[in-house]
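Visitor: In my numbering, the protein residues as written are 20 to 281. In this text, a Cβ means the ideal position worked out from N, Cα and C, and glycines have one as well. All figures in this text were calculated on a predicted structure; none of them were measured in a lab.
Next comes the structure, spelled out in structure tokens:
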């Protein structure tokens with residue numbers, strides 16, 4: 020009988036090809052699976068809560084794996100994996116869970132954070148962790164535009180590839196419904212000095228959805244796009260030309276939400 024191990028993983032996405040395993044074998048999933056194989060001597064398959072893209076960071080990605088090896092406690096797995104993983108990937112904690120838990124299918128929602136540094140100079144310690152926008156942003160316009168994304172919408176206009184997004188089943192949506200419909204519960208915007216953060220809390224997010232939303236919001240805050248044009252694009256629900264996705268390095272997966280007993 021195998022046992023299911025739940026993991027909370029943090030990583031700096033710079034230099035990796037995203038979460039999901041690829042042929043070049045330089046993704047977060049690839050590195051964790053290799054660490055498990057080095058310890059247990061057998062290949063395993065890791066299941067993540069979602070697929071962060073190349074360059075995107077995570078403060079608390081969730082994943083699970085089924086293990087036949089029962090030699091280690093959950094705490095010992097944390098130590099053993101971190102001894103083999105690159106320093107930019109860390110397993111924060113592990114625990115054994117029941118087989119009805121699934122990192123992706125049991126998820127109820129996700130919280131993402133996007134960081135923007137507004138100012139003529141990007142501090143070196145912010146390099147790779149924030150989008151540098153040298154021109155000042157109009158915070159009130161940014162907040163006004165952001166309110167239009169809260170609620171349930173068809174986000175086709177804010178998916179990099181709606182067809183690809185529809186195949187990336189998120190949260191507990193198993194049926195083949197219109198998978199470009201998502202709900203954003205809140206979009207909180209804060210400014211602290213030169214750093215502006217946008218916190219997205221939603222039931223799920225399409226391929227590059229947050230980066231496309233942020234790109235449009237920043238255009239509004241710079242006076243390059245009207246709020247009316249932005250809302251028309253959302254209402255039109257069609258992927259069109261001249262869309263801009265904010266860079267990956269400003270995006271962080273902060274938390275995956277589950278029911279209280281998960």
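If we ignore side chains and look at the alpha-carbon of each, how far apart do residue 157 and residue 241 end up?
Guide: Along the chain shown, read from residue 1 onward, the residue named residue 157 stands at position 138. Along the chain shown, read from residue 1 onward, the residue named residue 241 stands at position 222. For residue 157 and residue 241, the distance between alpha carbons rounds to 7 Å.
Visitor: What residue does the alpha helix (DSSP H) around residue 228 start on, and which one ends it?
Guide: By 1-based counting over the chain shown, the position of residue 228 is 209. 228–240 is the span of the alpha helix (DSSP H), which, as asked, contains residue 228.
Visitor: Note down, in chain order, each residue of its chain lying with its Cβ closer than 6 Å to the Cβ of residue 238, except the 5 sequence neighbours on either side.
Guide: Position 219 of the chain shown holds residue 238. If we look at residue 238 and ignore the five residues flanking it on each side, its Cβ neighbours are 244.
Visitor: Taking the alpha-carbon of residue 163 as reference, which of 271, 124, 226, 206 has the nearest alpha-carbon?
Guide: Here residue 163 refers to the residue found at position 144 when the chain shown is read from its first residue. Out of 271, 124, 226, 206, 206 has the C-alpha closest to the C-alpha of residue 163.
Visitor: Three or more C-beta pairs closer than 8 Å, one from the stretch 35–55 and one from the stretch 76–95: is that the case here?
Guide: Yes, they touch.
Visitor: Tell whether a beta-carbon distance below 8 Å holds between residue 177 and residue 217.
Guide: If you number the chain shown from 1, residue 177 lands on position 158. If you number the chain shown from 1, residue 217 lands on position 198. In this structure, residue 217 does not lie closer than 8 Å to residue 177 by Cβ.
Visitor: Would you report the Cα separation of residue 253 and residue 128, rounded to the nearest angstrom?
Guide: For this step, residue 253 is matched to residue 234 along the chain shown. For this step, residue 128 is matched to residue 109 along the chain shown. Approximately 21 Å, taken between the alpha carbons.
Visitor: Sorted by chain position, which residues of the same chain lie with C-beta nearer than 7 Å to residue 45's C-beta, five sequence neighbours on each side aside?
Guide: One-based indexing of the chain shown puts residue 45 at position 26. Excluding sequence neighbours, residue 45 sits near 35, 36.
Visitor: Over what stretch of residues does the beta strand (DSSP E) that includes residue 218 continue unbroken?
Guide: If you number the chain shown from 1, residue 218 lands on position 199. From DSSP, the beta strand (DSSP E) with residue 218 extends over 214–221.
Visitor: Which partner residues of residue 146 appear in the DSSP bridge assignment?
Guide: Locating residue 146 in the chain shown gives position 127, counting from the first residue. Residue 146 pairs with nothing; no bridge assigned.
Visitor: Do residue 125 and residue 277 have their CB atoms nearer than 8 Å?
Guide: Against the chain shown, residue 125 aligns to sequence position 106. Against the chain shown, residue 277 aligns to sequence position 258. Yes, these two residues count as a Cβ contact at 8 Å.
Visitor: Got a sec, what are the start and stop residues for the beta strand (DSSP E) residue 108 sits in?
Guide: Along the chain shown, one-based indexing puts residue 108 at 89. It spans 108–116 - the beta strand (DSSP E) in which residue 108 sits, taken as one unbroken run.
Visitor: Quick one: grab the DSSP three-state call for residue 169.
Guide: As a working note, residue 169 is residue 150 in the chain shown. Coil at residue 169, not helix or strand.
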